[in-house]
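Visitor: So the sequence shown is numbered by our numbering: it starts at 3 and just counts up by one. We put the CB at the ideal spot given by N, CA and C, even for glycine.
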Amino acid sequence: MTGGAGFLGSHIVDALLAQGDDVVVVDDLSTGDRANLDPRADLRIADISDLSALQRELGTHRVDAVVHCAAKTKVVESMAKPELYERVIVGGTRNVLETTRRLGARVVVNISTGGAIYGETPVCADENVPVDPQSNYGRFKAAAEKLVESSDLRAVTLRLANIYGPRQRTDLEGGVIAIFLGCWKRGEPLTMFGDGSYERDYVYIADVVEAVTTALGGTHAGTFNIGTGIATSVKQLLSSLSAILGPPPSIRAAPARPAEVLRACVNPTKAAREGLWHPKTALLEGLRLTAAAEGVLLS
Numbered sequence: 003m004t005g006g007a008g009f010l011g012s013h014i015v016d017a018l019l020a021q022g023d024d025v026v027v028v029d030d031l032s033t034g035d036r037a038n039l040d041p042r043a044d045l046r047i048a049d050i051s052d053l054s055a056l057q058r059e060l061g062t063h064r065v066d067a068v069v070h071c072a073a074k075t076k077v078v079e080s081m082a083k084p085e086l087y088e089r090v091i092v093g094g095t096r097n098v099l100e101t102t103r104r105l106g107a108r109v110v111v112n113i114s115t116g117g118a119i120y121g122e123t124p125v126c127a128d129e130n131v132p133v134d135p136q137s138n139y140g141r142f143k144a145a146a147e148k149l150v151e152s153s154d155l156r157a158v159t160l161r162l163a164n165i166y167g168p169r170q171r172t173d174l175e176g177g178v179i180a181i182f183l184g185c186w187k188r189g190e191p192l193t194m195f196g197d198g199s200y201e202r203d204y205v206y207i208a209d210v211v212e213a214v215t216t217a218l219g220g221t222h223a224g225t226f227n228i229g230t231g232i233a234t235s236v237k238q239l240l241s242s243l244s245a246i247l248g249p250p251p252s253i254r255a256a257p258a259r260p261a262e263v264l265r266a267c268v269n270p271t272k273a274a275r276e277g278l279w280h281p282k283t284a285l286l287e288g289l290r291l292t293a294a295a296e297g298v299l300l301s
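So, in C-alpha cells, the structure goes:
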C-alpha cells in the first residue's frame, strides 16, 4: 500500500486489517500522518519517486497485491511545480509498478481522479469520455493510468469523485466538507467562492474503500469511475449541512477562483454493470456520519 498514512489510504488499511490481511505501508509522511495508521500496519518511510529507497525499504518482502494511493494532489501547486508532480506521479507510479513485479505481486489497484481528468462534465462523464485534463495534476495522473494499463499485471484503475469522510485534512484541495465542518466546530465563518454554484460529485469514504477491497479480491481489470453520479452545488451542500448541524456560524463571500471547474461529476454505471461496485451512502447520511465522527454533531 503506497500512501497508506493518508486520508483514503489509512481507511483502506483499516479495512484490510479487519479482514485479516497483513499490510505493509509505504509513505513519506509529507501529507500522511502516523496517527492515522493502525499500529498493526508495517510502516516503511520512503518516497516512491526514489526507486532505490523504495526497494531498500521493502527489501525482498513478498506481497500479493498493491494499492497505489501515493501522489501529490494539489491542482494549483501542480501548475507551479510541474517537475515535482511529474516525478512523483509519473515516475513514482513507474517505480511502484517495477517494485510490484519484483516483489511477486500480480494485482495493482491504482487510485486516480475523475474530476481532474475529465475536466468540465455538463453530463456526468463515463469512462468513454475523452480525458481532458486542465491541470498538470490531471495530465500526470492520466499518464500514470497509461503506465498501469500497459503493465503485465491485473490492473484496476479507480477514477474517484470527491471523497469525504472522517480523518480528512482541511488544508488540501478538494476537502470542502472537512473545511466546512472544521469551521462549524470552531464557530468560524465559512468561505463561499463565487455564487456557490460550483458542483461536485461527493462520495463517502467507506463506499470508496469497498470499491478498493472488491477490486483486490475479484477478477476485474480496467478503468472504473467511483462516484455517485449526482452533482451537488456548494449551496446545496451548505443546505444539507445546515439541516444536520443548524445554521453555520456565518458565511463570508469571496471572489470566484479563476479556472475553477464549474461541474465535475462521474457516471458509475460501468462499475455497477460489471459487478464491481455501486454507491451506498446518500450524501445526507454520509455528512451525518462524518460530522459525528469529527465531534461536530454531538447529539
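1. Taking the Cβ atom as the reference point for each residue, do residue 292 and residue 166 lie within a distance shorter than 8 Å?
2. Closest to residue 18 by CA distance: which of 213, 252, 173 is it?
3. Give the straight-line distance between the Cα atoms of residue 126 and residue 234, rounded to the nearest whole angstrom.
4. So, is residue 4 buried or exposed, given that buried needs 16 or more other C-beta atoms within 10 angstroms?
5. For residue 53, which residues of its own chain have a beta-carbon under 8 Å away from its beta-carbon, when the five flanking residues on both sides are left out?
6. When burial is assigned at 16 or more other CB atoms within 10 Å of the CB, is residue 241 buried or exposed?
7. What three-state label does DSSP hand residue 203 in the structure shown?
8. What span of residues does the beta strand (DSSP E) with residue 138 cover, start to end?
9. Do residue 171 and residue 115 have their C-beta atoms within less than 8 Å of each other?
10. Please classify residue 123 as buried or exposed, where buried requires at least 16 other C-beta atoms within 10 Å of its C-beta.
11. Examine chain C for any beta-carbon lying closer than 8 Å to the beta-carbon of residue 143, and answer yes or no.
12. Using 10 angstroms around the beta-carbon of residue 148, count the other beta-carbons present and answer buried if the total reaches 16, otherwise exposed.
13. Tell me the rounded alpha-carbon separation between residue 278 and residue 128.
14. Using DSSP with H/G/I as helix, E/B as strand and the rest coil, what is residue 161?
15. Let's see if you can read the secondary structure: which residues bound the alpha helix (DSSP H) around residue 16?
16. What residue does the alpha helix (DSSP H) around residue 117 start on, and which one ends it?
17. Using three-state DSSP, classify residue 69 as helix, strand or coil.
18. What would DSSP say about residue 232, mapped onto helix, strand or coil?
19. If residue 105 and residue 131 are in contact, beta carbons under 8 Å, what's the gap, nearest whole angstrom?
20. Put residue 301 into one of helix, strand or coil per three-state DSSP.
21. If distances are taken between C-alpha atoms only, which option among 9, 26, 198 comes closest to residue 257?
22. By the 10 Å Cβ neighbour count, where 16 or more other Cβ atoms means buried, how is residue 255 classified, buried or exposed?
23. Would you kindly report the start and end of the unbroken beta strand (DSSP E) that includes residue 81?
24. Excluding sequence positions up to five away, which residues of its chain have a Cβ less than 6 Å from the Cβ of residue 187?
25. Alpha carbon to alpha carbon, how far is residue 295 from residue 7? Give it in angstroms, no decimals.
26. Identify, in the order they occur along the chain, each residue of the same chain with its Cβ nearer than 6 Å to the Cβ of residue 230, setting aside the five sequence neighbours on each side.
27. Of the choices 274, 200, 182, 223, whose alpha-carbon is the least far from that of residue 251?
28. Mapping the DSSP letters down to three states, classify residue 258 as helix, strand or coil.
Guide: In short:
1. As a position in the sequence shown, residue 292 is number 290, starting the count at 1. As a position in the sequence shown, residue 166 is number 164, starting the count at 1. Cβ distance < 8 Å, so residue 292 and residue 166 count as in contact.
2. As a working note, residue 18 is residue 16 in the sequence shown. For the residues 213, 252, 173, the minimum Cα distance to residue 18 belongs to 213.
3. Within the sequence shown, residue 126 is the residue found at index 124, counting from 1. Within the sequence shown, residue 234 is the residue found at index 232, counting from 1. Roughly 12 Å separates the two Cα atoms.
4. Residue numbering aside, residue 4 sits at position 2 when the sequence shown is read from its first letter. It is buried - the Cβ of residue 4 has at least 16 other Cβ atoms within 10 Å.
5. Within the sequence shown, the letter at position 51 stands for residue 53. Here the set comprises 97, 100, 101.
6. Translated into positions along the sequence shown, residue 241 becomes position 239. Taking every protein chain shown into account, the CB of residue 241 has fewer than 16 other CB atoms within 10 angstroms, so this residue is exposed.
7. The sequence position of residue 203 within the sequence shown is 201, counting from 1. It is coil, neither helix nor strand.
8. Mapped onto the sequence shown, residue 138 falls at position 136. Boundaries around residue 138 are those of the alpha helix (DSSP H), 138-151, since no beta strand (DSSP E) includes it.
9. The sequence position of residue 171 within the sequence shown is 169, counting from 1. The sequence position of residue 115 within the sequence shown is 113, counting from 1. No. Outside cutoff.
10. For the purposes of this step, residue 123 is taken as the residue at position 121 of the sequence shown. By the 10 Å Cβ count, residue 123 comes out buried.
11. The structure shown contains no chain C; it holds only a single protein chain.
12. As a working mapping, residue 148 is identified with position 146 in the sequence shown. Exposed, by the Cβ-count rule.
13. Sequence index remark: in the sequence shown, residue 278 carries index 276 (1-based). Sequence index remark: in the sequence shown, residue 128 carries index 126 (1-based). Spanning the two alpha carbons is a distance of roughly 15 Å.
14. Walking along the sequence shown from the start, residue 161 turns up at place 159. The three-state reading of DSSP puts residue 161 in strand, counting E and B together.
15. To locate residue 16, count along the sequence shown from 1; it is residue 14. 9-20 is the extent of the alpha helix (DSSP H) around residue 16.
16. Within the sequence shown, residue 117 is the residue found at index 115, counting from 1. Run containing residue 117: 117-120, per the alpha helix (DSSP H) assignment.
17. Working through the sequence shown from its first residue, we reach residue 69 at position 67. Strand, per DSSP.
18. Working through the sequence shown from its first residue, we reach residue 232 at position 230. Three-state DSSP puts residue 232 in coil, outside helix and strand.
19. By one-based count along the sequence shown, residue 105 stands at place 103. By one-based count along the sequence shown, residue 131 stands at place 129. Actually they are not in contact, since the Cβ atoms of residue 105 and residue 131 sit about 35 Å apart, beyond 8 Å.
20. Position 299 of the sequence shown, counted from the start, is the residue given in the question as residue 301. The pLDDT assigned to residue 301 is 49, lower than 50, so where the model puts this residue is not dependable; a value taken from the coordinates is nonetheless given after this. Three-state DSSP puts residue 301 in coil, outside helix and strand.
21. As a position in the sequence shown, residue 257 is number 255, starting the count at 1. With distances taken between Cα atoms, residue 257 lies closest to 198.
22. The residue you call residue 255 lines up with position 253 of the sequence shown. Residue 255 comes out exposed.
23. On the sequence shown, residue 81 is found 79 positions in, with the first residue counted as 1. Residue 81 -> not in any beta strand (DSSP E); alpha helix (DSSP H) instead, spanning 77-82.
24. As a first step, residue 187 must be located in the sequence shown, where it is residue number 185. Contacts found: 298.
25. Along the sequence shown, read from residue 1 onward, the residue named residue 7 stands at position 5. Along the sequence shown, read from residue 1 onward, the residue named residue 295 stands at position 293. Using only the alpha carbons, I get a separation of about 18 Å.
26. Here the question's residue 230 lines up with position 228 in the sequence shown. Only 203, 205, 281 meet the Cβ criterion.
27. Indexing the sequence shown from 1 puts residue 251 at position 249. Nearest option by C-alpha distance: 182.
28. Here the question's residue 258 lines up with position 256 in the sequence shown. In the structure shown, residue 258 sits in coil (DSSP, three-state: anything other than H, G, I, E or B).
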